[in-house]
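See below for the structure under consideration.
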Amino acid sequence: MYDIEALYEAESADHAVELLKAHPQARIIAGGSDVLIGIREGKLAGCTLVSIQTLDELRGVSLEPDGTLRIGPVTSFSHIAADRLIQKYIPVLAEAVETIGGPQLRNIGTIGGNVCNGVTSADSASTLTAWEAVMEYQGPSGLRRVPVREHYAGPGKTSLAPAEILRGILIPRKSYEGCYGRYIKYAMRNALDIATLGCSANVRLSEDRSTIERMRIAYGVAGPVPMRAPSAEEAARGRPVSEATIDAAAKAALADVNPRTSWRAAREFRLHLVEELARRTIRESIQMAGGRL
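Next up, the structure:
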C-alpha cells in the first residue's frame, strides 16, 4: 500500500496549475517511477499528488514552424526512443534514454520526470544540456522559458516556481542543425544502473569535414548538476579534425568539472572518466559527421 493523502487528476495543463495553487504541497505525478518509490520509502509518505499522466497536450514530439523540436514532458522514454523526429534530428537523445533502467521502466517513465527530479545522474540531462535545450514552464503567471543550464538550481532542485509545471522541452533548430552526437554512460552494469558518469557530445563540421566549427559537451555526475565543459568546447572550436584536437579538448574538460567521491566511484576515477569519455564521444561524433581521423 502507498501512504497518499489525496490524488487529483488534472483535466488540462491549466487545471494542473490550479490544483497546485490550491494544494501548495502537492507533487506532480506522471509515470510515477520516482514518486511512488519515494512514497514507499517513506520520504514522501502522506503526500498529495496531482496526476498529469492523461494529458495528451503534454505528450509526444513535434516540430514547430521555426524548426524547434518540442518534446512533451509526459512523453515516455520508449516513445522518445522510437519517435521519427528524434531519430531524424537528435538520435543521440534516443540513445541516452535507452540506457535508462529496463523496458518496464522505459515504458512508464517520462522525460519530464527525469529532468524535474533535478538529479545530475539523469541520463537525458547531459544530452539536453549539450544540445542547449530550453525548458518551457507554465504557471499562474503564464509561460516562461528557461535555458537548461538555469533549470538545474542545485542537487535535486530545479528553477520551477510554486504551482509551475514543465510544459515542454524545446531544442532550437540552431542547436541540432548539422550536428552529430554521441552519449556514453559509464556504469557498474550494462542495464538497470545509475550512471557513475555520463558524457554527451556533438559536433558541427565545416563543409569539407576538415574543421570543427563548433563542439558541445556536457556531463552528468561530474558535479552537483549536469554541466557543460566550456574549456573543452573552446579548445575544439575552429580546430582541425585530428586526434590532437580531440586530446586537447578532452584534457581541457578537466578544468570545468568537479566530481565527488561516493560509494559508486572515487573522485579520481570520475576525473579519469571525464577525460576518456570526452575522447570517445567527440571522436565518434566526428566520425558520424563524416570527419576522417
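According to my numbering, the sequence shown is numbered sequentially starting from 13.
For each residue, glycine too, the CB sits at the ideal point set by N, CA and C.
Here the structure is a predicted model, which is why all the values come from computation and not from measurement.
ILE64 carries a coil assignment under DSSP once its states are collapsed to helix, strand and coil.
Between VAL160 and LEU140, the beta carbon gap of about 5 Å places them in contact (Cβ cut-off 8 Å). The Cβ atoms of ASN214 and SER297 sit closer than 9 Å to each other.
Under the three-state reduction of DSSP, THR170 is assigned to strand.
Taking C-beta atoms as the reference points, MET300 and ARG194 count as a pair closer than 9 Å.
Excluding the 5 residues flanking it on each side, ASP259 has same chain C-beta neighbours closer than 8 Å at ARG291, in chain order. Comparing C-alpha distances from ALA199 to each of GLU189, GLY190 and CYS211 shows the shortest one belongs to CYS211. Sequence-distant Cβ neighbours of GLN150 in its own chain, meaning closer than 7 Å and more than five residues away, are ALA25, VAL29, GLU176, ILE177 and ARG179. Under the 10 Å beta carbon count, PRO85 is surrounded by 16 or more other beta carbons and is classified as buried. With a threshold of 16 other beta carbon atoms within 10 Å, TRP275 falls short and is exposed. Residue pairing by DSSP places VAL215 opposite TYR192 and MET227 in a beta bridge.
Inter-residue distance for VAL131 and GLY50 is about 14 Å (C-alpha atoms, whole angstroms). With a contact defined as Cβ atoms closer than 8 Å, PHE89 and ILE123 qualify at about 7 Å. A residue is called buried when at least 16 other Cβ atoms come within 10 angstroms of its Cβ; GLY113 meets this threshold and is buried.
DSSP lists ILE83 as the beta-bridge partner residues of VAL73.
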